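Residue 356, in numbering that gives the first Met the number 0, is where the sequence shown stops; the numbers in between run on with no holes. Structure record follows, encoded as structure tokens.
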Amino acid sequence: MRAVVARGKNQPVTVETIVVPDPGPGEAVVKIQACGVCHTDYHYRQGGISDDFPFLLGHEAAGVVEAVGEGVDEVAPGDFVILNWRAVCGQCRACRRGRPWYCFNTHNARRKMTLEDGTELTAALGIGAFADKTLVAAGQCTRVDPSASAAVAGLLGCGVMAGLGAALNTGNVQRGDSVAVIGCGGVGGAAVMGARLAGAARIIAVDIDDRKLEIARRLGATHTVNSRENDPVEAVRELTGGHGADVVVDAVGVPETYRQAFYARDLAGTVVLVGVPTPEMKLELPLLDVFGRGGALKSSWYGDCLPSRDFPMLVDLYLQGRLDLEAFVTETIALDGVEEAFARMNAGDVLRSVVTF
0 MRAVVARGKN
10 QPVTVETIVV
20 PDPGPGEAVV
30 KIQACGVCHT
40 DYHYRQGGIS
50 DDFPFLLGHE
60 AAGVVEAVGE
70 GVDEVAPGDF
80 VILNWRAVCG
90 QCRACRRGRP
100 WYCFNTHNAR
110 RKMTLEDGTE
120 LTAALGIGAF
130 ADKTLVAAGQ
140 CTRVDPSASA
150 AVAGLLGCGV
160 MAGLGAALNT
170 GNVQRGDSVA
180 VIGCGGVGGA
190 AVMGARLAGA
200 ARIIAVDIDD
210 RKLEIARRLG
220 ATHTVNSREN
230 DPVEAVRELT
240 GGHGADVVVD
250 AVGVPETYRQ
260 AFYARDLAGT
270 VVLVGVPTPE
280 MKLELPLLDV
290 FGRGGALKSS
300 WYGDCLPSRD
310 FPMLVDLYLQ
320 GRLDLEAFVT
330 ETIALDGVEE
340 AFARMNAGDV
350 LRSVVTF
């Protein structure tokens with residue numbers, strides 16, 4: 000099979016031939032139809048996730064199940080599925096308490112895909128979907144309506160779900176709430192869309208790029224703030240009667256934007272961190288402010304989603320015309336265009352490039 004491989008830190012990716020084994024017990028082989036280009040894949044390429052090179056990149060994907068291993072009954076060959084990187088175990092303390100979206104023992108396929116010479120590949124987020132086919136745990140496959148576009152459905156596998164879930168699940172945005180979203184790339188844009196879907200009355204998009212702010216307006220923002228030109232905390236307060244927003248989503252994940260989110264929320268408001276920080280980052284806040292402002296400081300991992308519950312629902316909303324997932328697909332590209340897509344992503348030129356097969 001053809002696949003995009005990162006062989007070493009900071010090295011350009013290459014399209015290579017890989018070997019995909021037959022599925023073992025509890026596993027499935029999926030023929031990929033589309034896979035989005037996500038910042039996480041670039042972080043793997045840069046060695047920012049781990050040093051377990053070579054990596055098989057790609058994880059934001061949809062396709063058709065081709066074969067399943069022994070004991071698999073949740074999906075069958077021919078099923079159209081979205082892949083996810085949190086296959087819940089059903090047995091850990093979170094799952095047994097009825098909170099499987101917090102599962103502490105998520106799992107991946109046990110068998111390894113390899114290069115032609117037998118070198119084992121590390122699949123990005125346990126998926127590795129910049130490939131004609133990939134091997135995953137069957138629990139990583141969520142069956143959805145096959146009439147959905149694969150290029151659109153696959154985006155729910157990571158970034159778009161993370162943003163939607165940050166607003167809907169973690170932030171628990173309610174009808175009439177005020178919401179601010181700091182950072183309006185793919186994840187932040189999805190948080191804007193999630194706030195709109197929840198019925199927020201005021202949605203304030205904050206970014207340093209006017210192009211992204213214009214996209215955020217199309218996704219549902221009622222107001223925009225360019226934080227290069229204006230203090231975002233003061234701007235959010237001014238737009239919310241001097242109080243601050245009920246929910247503030249930090250989709251950037253650096254200390255500066257987290258502090259902005261912290262002080263841009265109303266008393267007893269909620270901060271949701273969905274942007275991913277790097278290991279060396281430190282945050283300092285006056286403990287009295289943490290105590291005195293009340294509310295909740297939350298982190299949103301994968302939008303606190305449960306794929307078996309959320310993916311089919313969101314695909315249905317898309318098919319009903321109530322969720323414009325098409326807006327996130329800036330371009331479709333071939334498998335050999337991933338390296339160039341990374342450059343466009345880092346320049347802020349796209350919400351999502353999507354590899355189609």
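Where a beta carbon is used, it is the ideal one built from N, C-alpha and C, also for glycine. All values reported here derive from a predicted model rather than from experimental measurement.
Note to self: Assuming contact is defined by CB atoms lying nearer than 8 Å, are Ala204 and Cys183 in contact in what I supplied?
What the structure shows: yes
Buried or exposed (CB count within 10 angstroms, at least 16 for buried), Phe103: exposed
| Reduced DSSP category for Gly77 - H, G, I as helix; E, B as strand; rest coil | coil
According to DSSP, residues forming a beta bridge with Leu134: Val28
Compare the beta carbon distance of Val14 and Leu334 with 8 Å and say whether it is the shorter of the two. Yes.
Could you compute how far the alpha carbon of Leu167 sits from the alpha carbon of Glu325? Distance between the alpha carbons of Leu167 and Glu325 is about 19 Å.
Q) So what does DSSP say about Arg85, is it helix, strand or coil? A) DSSP places Arg85 outside both helix and strand once states are collapsed to three, so it counts as coil.
Could you pull the start and end residues of the alpha helix (DSSP H) that Leu266 belongs to?
Note, Leu266: premise wrong, no alpha helix (DSSP H); beta strand (DSSP E) at 264-272.
Rounded to a whole number of angstroms, what is the C-alpha to C-alpha distance between Ala2 and Thr16? 6 Å
* Can we say the stretch 24-44 touches the stretch 57-64, given the rule of at least three CB pairs closer than 8 Å? -> yes
Terminal residues of the beta strand (DSSP E) in which Asp206 lies: 201-206
Glu69 to Gly77, Cα distance in whole Å? 17 Å
Same chain, Cβ closer than 7 Å to Val275, neighbours up to 5 away in sequence not counted: Gly252
- Alpha carbon of Ala130 to alpha carbon of Trp300, nearest angstrom: 25 Å
Q.
Please list the terminal residues of the continuous beta strand (DSSP E) segment that includes Glu330.
A. 330-332
Let me know the secondary structure DSSP gives Phe310 once reduced to three states. helix
- Given a cut-off of 8 Å, decide if Ala234 and Cys140 are closer than it, judged by their beta-carbon atoms. no
### Query
Across which residues does DSSP place Asp144 in a beta bridge pair?
In DSSP, Asp144 forms no bridge with anything.
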